[in-house]
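Right, one structure below, let's go through it.
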Amino acid sequence: MKGTKPHLVVDNSGLKRVPAAPSWLSKDAKAEWRRVMPELVERRILTRGDLGSLENYCISIGRVREVEAQMQGCDDPELMVKLFRVQDKAMQSARLLAAELGLTPVSRSRPSIRGDEDDDSLLD
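Note that this note's numbering has the sequence shown beginning at 141, numbered continuously upward.
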């Protein structure tokens, strides 16, 4: 049985300014925050209540990059397997959260219901 994902909706309470990344995020997680946040604010699908999901997404992406850096210099096969598992789990989490936040090609292609001034009404 297949489910359907809800459409992304422009929220009237969507963030209008790009908030600073939380200070406690890692360097790589902050870089991801700065990369995706302007797009999410511009599309107005992110509210203050969604910031936790965005933080988790950025943490996951940061972890993928940090583990990749560790793997590059690793000569221990047992440690490589452990690092690969950590990275794989972080990639899975990042992929799920990216879809939830509208950061994947498929999630961006879903039609959204606009509640802003740009909608054309047949009743005008």
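Note that beta-carbon positions come from the ideal geometry of N, C-alpha and C, so glycine has one too. What you are looking at is a predicted structure, and each value in this text was computed from that prediction instead of being measured.
- Residue nearest to R205 within the set S249, A169, T244, W164 is A169 (criterion: CA-CA distance).
- For L194 against L236, the beta-carbon gap comes to about 13 Å, at or over 8 Å, which does not count as contact.
- Taking C-beta atoms under 8 Å as the contact rule, V181 and K156 qualify, at a distance of about 7 Å.
- Taking a contact to require three or more Cβ pairs closer than 8 Å, the region 213-225 and the region 182-189 do not qualify as touching.
- Unbroken alpha helix (DSSP H) stretches of 4 residues or longer found wholly inside the region 182-229: 191-212, given in chain order.
- Annotation: M211 to L191 spans about 30 Å, alpha carbon to alpha carbon.
- Looking at the backbone, the Cα of A238 and that of D216 are separated by about 32 Å.
- Selection T244, R225, V158 evaluated against V207 yields R225 as nearest (Cα-Cα).
- In the assembly as shown, G154 is a buried residue. Its beta-carbon has 16 or more other beta-carbons within 10 Å.
- Counting only the Cα atoms, P245 lies some 19 Å from R174.
- Shown here, W164 sits in coil according to DSSP, grouped into three states, outside any helix or strand.
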